[in-house]
Amino acid sequence: MNSPAAELRVDGVRLLSRLDELAARSAPGPGVTRLAYSAEDEAARALVGSWLREAGLQVRIDTAGNVLGTLPGSAGLPRPLLTGSHLDTVVMGGTLDGAYGVVAAIEVAESLRGRLRHDLVVAAWSNEEGARSTPGMVGSRAAAGTLEPAWLDSPDDDGVPLRARLGADVLTARMGPVEAYLELHVEQGPVLDTAGTVVGAVEGITGQLVGAIDVRSTANHAGTTPMALRQDALAAAAEIVLAIERLALDGAVRVATCGHIRVAPNVRNTIPGRVLLSVDLRDMSDARSEAAWSALVAVVAAVDDRRGTRSQLKVVSRVAAVDCDPCLVALVERAAAARGLGALRLPSGAGHDAQVLSMLGPVGMVFVPSVAGVSHSPGERTESAHLIAGAQVLLDVVAAVDDQPRC
Ligand SMILES: [Zn+2]
Numbered sequence: 002m003n004s005p006a007a008e009l010r011v012d013g014v015r016l017l018s019r020l021d022e023l024a025a026r027s028a029p030g031p032g033v034t035r036l037a038y039s040a041e042d043e044a045a046r047a048l049v050g051s052w053l054r055e056a057g058l059q060v061r062i063d064t065a066g067n068v069l070g071t072l073p074g075s076a077g078l079p080r081p082l083l084t085g086s087h088l089d090t091v092v093m094g095g096t097l098d099g100a101y102g103v104v105a106a107i108e109v110a111e112s113l114r115g116r117l118r119h120d121l122v123v124a125a126w127s128n129e130e131g132a133r134s135t136p137g138m139v140g141s142r143a144a145a146g147t148l149e150p151a152w153l154d155s156p157d158d159d160g161v162p163l164r165a166r167l168g169a170d171v172l173t174a175r176m177g178p179v180e181a182y183l184e185l186h187v188e189q190g191p192v193l194d195t196a197g198t199v200v201g202a203v204e205g206i207t208g209q210l211v212g213a214i215d216v217r218s219t220a221n222h223a224g225t226t227p228m229a230l231r232q233d234a235l236a237a238a239a240e241i242v243l244a245i246e247r248l249a250l251d252g253a254v255r256v257a258t259c260g261h262i263r264v265a266p267n268v269r270n271t272i273p274g275r276v277l278l279s280v281d282l283r284d285m286s287d288a289r290s291e292a293a294w295s296a297l298v299a300v301v302a303a304v305d306d307r308r309g310t311r312s313q314l315k316v317v318s319r320v321a322a323v324d325c326d327p328c329l330v331a332l333v334e335r336a337a338a339a340r341g342l343g344a345l346r347l348p349s350g351a352g353h354d355a356q357v358l359s360m361l362g363p364v365g366m367v368f369v370p371s372v373a374g375v376s377h378s379p380g381e382r383t384e385s386a387h388l389i390a391g392a393q394v395l396l397d398v399v400a401a402v403d404d405q406p407r408c
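Numbering (this note's numbering), first residue to last: 2 to 408.
And the structure:
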């Protein structure tokens, strides 16, 4: 890597204070709650838009709600460099998941203004988390051209379809090919923190299959209905939850989780008549995730047969596992070494906009340690020095790719 790196520096103080400012754009309660399309999300996106303008970028919001800032390059090259992350959070999430990659990308643009050959596009992708049980990565999928039209009309937990939140033009948000997409993110797992290593050079991003199971029976009086004559939807669901866990315990997939459950009518003295369950399967092999889902379909059919419940299963979304570009992985390692930082190659167990955006060009990701591996929690934390170091590595990698896009 040649050496503009030596004089290129992110403004660490501004990076940290902007993270605090974004954290204040939250619904009340512990941690940060900034659900996609909420008033808090709107406020955060407006703030990021103002920072992008301040940094001299041309800002637009596309039809999928992505905030995009462009810094024109000097060489009139057709494919831009793209970097960013998302601003939405889960309920009671932390201050860093997503916001960090966006704020750092703005620092990159500030530092590289007037010195890039390629256009640089800084993106804040909308609805990465899949708020209200919509598919996740809605904004980046729209940009990558992989948003399935059928999803637009499917109602979310609040009964509102995506089409009503975004408008009918969302499918026009598709972007052209990019030179590279780079995303900086907190690891959200314990590997770097345990190893005492500051920089993660991400080798690949896990695939994810998200499903929903609707278990139905007949709600009835908890006192008068004999055990032999009831079909308890929650008891059936409990068996299904354990079967989901069993998929991973038996090695069919890397991890399997039921993290969301709704019971109706959810009344102490009524036998539950309906339960909605979420399913989240993740593996670096998409074929294994599909096979595990098929196995789960068979288990649910067996539970229905035995208990007289009626269940429907549907796949809500699939995200394919992707490999990061080997050239970009090596550049991340070299950039870390040039700053005197240790780097470790690792896979990402969480899904990221980067995997969707691999449709547009080579992708690379930089991780920094999550203290104790905690994320999707108010306890999510990364050392300030590590946050600044990660942004610096992102800056150096973007500068290196601009200098020498092919390795
Ligand atoms: Zn994230």
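Here a beta-carbon is modelled for each residue, glycine too, at the ideal position from N, C-alpha and C.
Those residues placing their Cβ nearer than 5 Å to any heavy atom of ligand 1 are, following chain order, 98 and 99. Secondary structure of residue 18 (DSSP, three-state): helix.
Per DSSP, residue 195 is one residue of the alpha helix (DSSP H) stretching across 192 to 196. Per DSSP, the unbroken beta strand (DSSP E) holding residue 204 starts and ends at 200 to 206. One alpha carbon belongs to residue 183, the other to residue 70, and they sit about 15 Å apart.
Rounded to the nearest whole angstrom, the C-alpha separation of residue 68 and residue 46 is 7 Å. Taking a cut-off of 8 Å on C-beta distances, the segment 163 to 175 touches the segment 47 to 64, as three or more cross pairs fall below it. Following the DSSP letters along the chain, one finds residue 59 in no alpha helix (DSSP H) but inside the beta strand (DSSP E) bounded by residues 59 to 62. As the crow flies, the alpha-carbon of residue 189 is around 17 Å from that of residue 138.
Secondary structure of residue 366 (DSSP, three-state): strand. Within its own chain, the residues whose Cβ lies closer than 7 Å to the Cβ of residue 272, once the five positions on either side in sequence are excluded, are 220, 221, 223, 226, 231 and 233, listed in chain order. Sequence-distant partners of residue 316 (beyond 5 residues in either direction) whose C-beta falls short of 6 Å from its own C-beta, in its chain, are 212. Going by C-alpha positions, residue 322 is about 7 Å away from residue 205. Cβ-Cβ distances below 7 Å link residue 174 to 63, 64, 65, 67, 143 and 144 in the same chain, with the five nearest sequence neighbours on each side left out; the list follows chain order. Within the segment 112 to 155, the beta strand (DSSP E) runs of at least 3 residues that lie entirely inside it are, in chain order, 121 to 126.
In the DSSP annotation of this structure, the continuous segment of the alpha helix (DSSP H) that includes residue 393 starts and ends at 385 to 404. Annotated as distal: residue 256 and residue 237, with beta-carbon spacing of 8 Å or more.
Residue 346 has its alpha-carbon roughly 36 Å from the corresponding atom of residue 28. Counted as a single uninterrupted DSSP element, the alpha helix (DSSP H) harbouring residue 331 occupies residues 327 to 339.
Selection 23, 148 and 266 evaluated against residue 320 yields 148 as nearest (Cα-Cα).
Looking at the backbone, the Cα of residue 229 and that of residue 248 are separated by about 30 Å. Sequence-distant Cβ neighbours of residue 156 in its own chain, meaning closer than 6 Å and more than five residues away, are 162.
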